[in-house]
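Asker: What follows is a structure written as structure tokens; I'll ask about it next.
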Amino acid sequence: EGKRDKAMLELLYATGMRVTELVSLNVRDVNLRAGFVRCFGKGSKERIIPIHNKAIRAVKSHLDDVRARLLAATGETALFLNRRGQRLTRQGFWLILKGYTKKAGIEAEITPHVLRHSIATHLLHSGKMNLRELQELLGHANISTTQVYTHLTTERMRRVYDSAHPRAE
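Counting along the sequence shown from 1, when you hit position 86 you're at 86 in full-length UniProt numbering, and nothing is skipped either side.
This is the structure:
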């Protein structure tokens, strides 16, 4: 289960997917050779999302070592399975995340959406991804939904500006 959990967390952070999208993935939705995952967001809108090598390795390890053992005789197509060989649910993932949070001694409530928010903020703060690209990655229908992350960027910009500008006080 550790490899499965690592694969889920790596994939979630790599892609910024919603948990519903993550647990809805089937094995055929992941192309490890090309480094992409296909997910279906709100309104069944399809997105093709790139994944980095760390996530690829984690998913490959999960597929090679863990998934076959969890696979029920039913021939379940889900990428992530529970102990009974059935598709993992949103609630199941949330309980797994809650367990790791507690084990790590983190008192703040870490929800799956916090992970989505974190990667979105990190990508935007890097300055290498613009708001429109982030909108596509996250699967937001409206740019206004994505603009919530610019608030954090303007706060950061203020701190950097104040510390860097020679005439700022």
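Quick reminder that beta carbons are idealized off the backbone N, C-alpha and C, glycines included.
When DSSP labels each residue in this structure, what does residue 50 get in the three-state scheme?
Answerer: Counting from one through the sequence shown, the residue named residue 50 turns up at place 50. The answer is strand: DSSP assigns residue 50 an E or B state.
Asker: Checking the sheet assignment: what are the DSSP bridge partners for residue 93?
Answerer: In the sequence shown, the residue the question calls residue 93 occupies position 93. Residue 93 is not bridged to any residue.
Asker: Just to check my reading of the structure: residue 35 and residue 48 have Cβ atoms closer than 8 Å, yes? What is that Cβ distance to the nearest angstrom?
Answerer: Position 35 of the sequence shown, counted from the first residue, corresponds to residue 35. Position 48 of the sequence shown, counted from the first residue, corresponds to residue 48. So it is not a contact: roughly 11 Å between Cβ atoms.
Asker: Grouping DSSP H, G and I as helix and E and B as strand, with all else coil, what is residue 67?
Answerer: The count along the sequence shown starts at 1 and reaches residue 67 at position 67. If DSSP states are grouped into helix, strand and coil, residue 67 belongs with the helices.
Asker: Judging by CA-CA distance, which residue of 168, 154, 80, 110 is the nearest neighbour of residue 131?
Answerer: Indexing the sequence shown from 1 puts residue 131 at position 131. It is 154 whose Cα lies nearest to the Cα of residue 131.
Asker: How about the stretch 108 to 116 and the stretch 7 to 21: do they share at least three Cβ pairs that are nearer than 8 Å?
Answerer: Yes: at least three Cβ pairs fall under 8 Å.
Asker: Measure the C-alpha to C-alpha separation of residue 111 and residue 77 and round it to an integer number of angstroms.
Answerer: On the sequence shown, residue 111 is found 111 positions in, with the first residue counted as 1. On the sequence shown, residue 77 is found 77 positions in, with the first residue counted as 1. Near 26 Å, if we compare the C-alpha coordinates of residue 77 and residue 111.
Asker: Between the alpha carbons of residue 54 and residue 63, how many angstroms are there, rounded?
Answerer: In the sequence shown, residue 54 corresponds to position 54, counting from 1. In the sequence shown, residue 63 corresponds to position 63, counting from 1. The straight-line gap from Cα to Cα measures roughly 14 Å.
Asker: Can the beta-carbon of residue 149 be found closer than 9 Å to that of residue 121?
Answerer: As a position in the sequence shown, residue 149 is number 149, starting the count at 1. As a position in the sequence shown, residue 121 is number 121, starting the count at 1. Contact: yes.
Asker: What does a CB cutoff of less than 6 Å around residue 6 pick up in its chain, not counting 5 residues either side in sequence?
Answerer: Counted from its first residue, the sequence shown places residue 6 at position 6. So the list reads 58, once near-sequence residues are dropped.
Asker: What is the rounded straight-line gap between the Cα of residue 136 and the Cα of residue 127?
Answerer: As a working mapping, residue 136 is identified with position 136 in the sequence shown. As a working mapping, residue 127 is identified with position 127 in the sequence shown. Cα-Cα distance, rounded: 16 Å.
Asker: Going straight from the alpha carbon of residue 38 to that of residue 8, what length do you get?
Answerer: Reading the sequence shown from its first residue, position 38 is the one you call residue 38. Reading the sequence shown from its first residue, position 8 is the one you call residue 8. Cα to Cα, residue 38 sits roughly 15 Å from residue 8.
Asker: In three-state DSSP terms, what is residue 4?
Answerer: As a working note, residue 4 is residue 4 in the sequence shown. Of the three classes helix, strand and coil, the one that applies to residue 4 here is helix, per DSSP.
Asker: Out of curiosity, what's the CA-to-CA distance linking residue 104 and residue 98?
Answerer: The residue given as residue 104 occupies position 104 in the sequence shown. The residue given as residue 98 occupies position 98 in the sequence shown. In a straight line, the C-alpha of residue 104 is about 10 Å away from that of residue 98.
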